[in-house]
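Asker:
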Amino acid sequence: GALVYQYPRRTICKSGTSMRMECQAVGFQATSVAWYRQSPQKTFELIALSTVNSAIKYEQNFTQEKFPISHPNLSFSSMTVLNAYLEDRGLYLCGASPGQGHERLFFGHGTKLSVL
Amino acid sequence: GDSVTQTEGLVTLTEGLPVMLNCTYQTIYSNPFLFWYVQHLNESPRLLLKSFTDNKRTEHQGFHATLHKSSSSFHLQKSSAQLSDSALYYCALSEDTNAYKVIFGKGTHLHVLP
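In order, the protein sequences belong to chains A and B. Going by my numbering, the letters in the first sequence line up with residues 1 to 116, in that order. Going by my numbering, the letters in the second sequence line up with residues 117 to 230, in that order.
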């Protein structure tokens, strides 16, 4: 079956430092990968959408300078949170899609980021 | 912009009773896709239902929902709740031309009591 492995599951970083999270698609080709953040008491916000061989599209309030994303092939994507501060706390979720039109996203388990 | 509203943050009911979780949406697109995702404790969100056809009932695993474009609604229902249905349920929306951009509601926590 189709699965998405996301790691690490939890991470703690000091304020001002950076951390990287990764997603691995298994059983399908991840043509598109969407990265979301769920801040405390909020729903999932789309950070950016990455499609292989296309430019990465960032949503308003999210930038490449803050959340650089790599999507080098059809099975892997990573995102880094640079200079993390308290407001960056939350659950980061990647969702990968085979790109077959109106198909669903297969989600990873998420990376819970805590900032000290 | 597009938005999804789930009015209930928490729904608590006894096993065997019917379930209804509300979902309404706003979008400028005439052919939106609506989804229900379910997230159990310590698991990732999993697709439960999806629909893009007006007034057509969609069913899966005992749950059903009907997209009503006239009222911009996509309520989730089940005739009889089970303990294992306790989870977080997200209603979500995507545009037909950009299906990978999914906009989530705030989620409704369903708590089923024995």
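Ideal Cβ placement from N, Cα and C applies to all residues, glycine included.
1) Checking 8 Å against the spacing of the C-beta atoms, do residue 71 of chain A and residue 26 of chain A come in under that value?
2) Kindly provide the ranges of any beta strand (DSSP E) runs that are 3 or more residues long and lie completely inside the segment 119-186 of chain B, ordered along the chain.
3) Look at the alpha carbon of residue 106 of chain A and the alpha carbon of residue 95 of chain A, and state the distance between them as a whole number of angstroms.
4) Alpha carbon to alpha carbon, how far is residue 47 of chain A from residue 24 of chain A? Give it in angstroms, no decimals.
5) Give me whichever residues DSSP pairs with residue 227 of chain B in a beta bridge.
6) Using only alpha-carbon positions, find the residue among B/225, B/205, B/211 and B/218 that is nearest to residue 164 of chain B.
7) Please say whether residue 166 of chain B and residue 150 of chain B have beta carbons closer to each other than 8 Å?
8) Which residues in chain B sit within 8 Å of residue 111 of chain A, going by Cβ to Cβ distance?
9) Mind listing, in chain order, the continuous beta strand (DSSP E) runs of no fewer than 3 residues lying wholly within the segment 45-85 of chain A?
10) Using a Cβ-Cβ cut-off of less than 7 Å, list which residues of the segment 31-55 of chain A approach chain B; keep chain order.
Answerer: Working from what's here:
1) In the first sequence, the residue the question calls residue 71 of chain A occupies position 71. In the first sequence, the residue the question calls residue 26 of chain A occupies position 26. The criterion of a C-beta distance shorter than 8 Å is not satisfied by residue 71 of chain A and residue 26 of chain A.
2) 119-121, 126-130, 135-137, 140-142, 149-155, 162-167, 173-176 and 179-182
3) Residue mapping note: residue 106 of chain A aligns to position 106 of the first sequence, counting from 1. Residue mapping note: residue 95 of chain A aligns to position 95 of the first sequence, counting from 1. Each residue's CA atom was taken as its position, placing residue 106 of chain A and residue 95 of chain A some 5 Å apart.
4) Translated into positions along the first sequence, residue 24 of chain A becomes position 24. Translated into positions along the first sequence, residue 47 of chain A becomes position 47. Near 18 Å, if we compare the C-alpha coordinates of residue 47 of chain A and residue 24 of chain A.
5) Along the second sequence, read from residue 1 onward, the residue named residue 227 of chain B stands at position 111. Residue 227 of chain B is bridged to B/128.
6) For the purposes of this step, residue 164 of chain B is identified with residue 48 of the second sequence, where counting begins at 1. It is B/205 whose Cα lies nearest to the Cα of residue 164 of chain B.
7) Along the second sequence, one-based indexing puts residue 150 of chain B at 34. Along the second sequence, one-based indexing puts residue 166 of chain B at 50. Cβ atoms of residue 150 of chain B and residue 166 of chain B: closer than 8 Å.
8) One-based indexing of the first sequence puts residue 111 of chain A at position 111. Correct list: empty, because the minimum Cβ distance to chain B is about 11 Å.
9) 69-73 and 76-81
10) If the cut-off is 7 Å between Cβ atoms, the segment 31-55 of chain A has 32, 34, 43, 44, 46 and 49 near chain B.
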